[in-house]
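Inspection log for the structure reproduced underneath, given as structure tokens.
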Amino acid sequence: MKVQLVDPSAFTPPYDRALAAALARGGAEVELLTTRFLYGEVPPAEGYRVDERFYRRSAGRGLEAFGRLPFKAAEHLPDMLRFRRDADADVVHYQWLTVPGLDIRLLPATPRVMTAHYILPPQPSRRQVASAHRTFGAMDAVIAHSEHGAARLRDEVGLDPGRVRVIPHGAFDYLTRLPEEKPLPAELEGAEGPVILSFGLLRPYKGIENLLAAFRRLRGAELWVVGNPRMDVGPLRELAAEAGGRVRFVTRFVEDAEIPAIFRAADLVALPYLDAEHSGVLYTGLAFGKPLVLSSVGGFPEVAAAGAARLVEPGDIDALAAALA
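Residues in the sequence shown are numbered consecutively from 5, following the working numbering.
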């Protein structure tokens, strides 16, 4: 069977490539259709092909090139039309669609599967529900990584239950056996107490402000905030300056080879998210056997119910501080 995995904008290269490799090991002929990832190195292709067919001109201009995003927008429709013309798989598995409302009208008729990495916000509007229904409803099957996600697809999005499948998110254990690892970043050397790690893209929904507020109540520990910013980190640094313990920031893209040293040095991984379905950071923490403190959002309670994490209500700083202590 030939399977094409589609992530046009390369939103989740580690996930895409781990899945492609697993499908290849299972006997499928796999091709990943994506764009060149501009932030750093990605996992090598093991047993599958990669076609960086999307946004070639804008990606070729580089991450910091003037006008890259307008160029990408101009390439989108022609690239999607070429993809529809050239698709030749038995099954196409979509990870993301860059412009869902447009893209669902351009997809080839090949049997379609989509992973629901994100479904709806906690209090969705009618427009958001309608948009999710159009996108996921255009698929022959939709994969959720939790029973919570599957229930939202059935009950809120309105999908036929027969089209919804639950497949748990696997641990990113490939990170524990990389052929080459880099040492701990210089910014993080010389920890002077137990280390609490916040890892991944810095976004408002990650609840980092709440984590810093809770950390202010602790003594003798360090907090590491590591990840590429997608928000203004100035207010975070101001909160960090008021903390009783030491807060260190690494505000850049962290490549795979750096991840093992960071997670091995951490004593606990905190994900005090305000909204999520699931998280690759969670499954990286599990791969390294780290204690986890999670907010009760999305599928996180199912991980806690299995005994793999401690759970707190989102936004409850008192409970978060107690769980971290």
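A virtual CB, placed ideally from N, CA and C, is assigned to each residue, including glycine.
Going by DSSP, name the residue or residues bridged to residue i.
i, result
"PRO126", "In the DSSP output, where bridge partners are listed per residue, PRO126 has none listed."
"PRO233", "LEU206"
"LYS186", "For LYS186, which the question treats as bridged, DSSP gives no partner whatsoever."
"PHE253", "VAL229"
"SER119", "The sequence given here has Thr at residue 119, not Ser. Paired residues: ILE147."
"VAL297", "ALA274, ARG314"
Examine chain D for any beta-carbon lying closer than 8 Å to the beta-carbon of residue i, and answer yes or no.
i, result
"ALA63", "Going by chain labels, chain D is absent from the structure shown, which holds only one protein chain."
Residue range of the beta strand (DSSP E) that residue i falls in?
i, result
"TYR98", "95-98"
"THR38", "33-38"
"SER283", "Note, SER283: premise wrong, no beta strand (DSSP E); not H, not E."
"ASP20", "Not the beta strand (DSSP E): ASP20 falls in the alpha helix (DSSP H), residues 17-29."
"ASP322", "Premise fails: ASP322 lies in the alpha helix (DSSP H), 321-328, not in any beta strand (DSSP E)."
"ALA274", "272-275"
"LEU9", "6-11"
"ARG4", "Lying outside 5 to 329, the shown extent of the chain, residue 4 is not represented and no answer is given."
How is residue i classed by DSSP in three states: helix, strand or coil?
i, result
"ARG109", "coil"
"VAL161", "coil"
"ASP260", "helix"
"VAL199", "strand"
"VAL46", "coil"
"ASP55", "strand"
"GLU68", "coil"
Ends of the alpha helix (DSSP H) at residue i?
i, result
"LYS76", "72-90"
"ILE171", "Unbroken run through ILE171: none, as it is neither H nor E."
"VAL307", "304-309"
Could you round the C-beta distance between residue i and residue j to whole angstroms and report it? I think they count as a contact, below 8 Å.
i, j, result
"SER150", "GLU306", "5 Å"
"PRO125", "GLN132", "7 Å"
"ASN214", "GLY289", "Contact flag wrong, Cβ pair sits at about 18 Å."
"PHE176", "LEU157", "Their Cβ separation, rounded to whole angstroms, is 24 Å, which puts PHE176 and LEU157 out of contact at 8 Å."
"LEU315", "TYR209", "Going by Cβ atoms, the distance from LEU315 to TYR209 rounds to 17 Å, so no, they are not a contact pair."
Evaluate the contact criterion for the region 40-56 versus the region 264-283: three or more CB pairs, one atom per stretch, below 8 Å.
no
Taking 8 Å as the threshold, find out whether the region 6-23 comes into contact with the region 33-43 through three or more Cβ pairs.
yes
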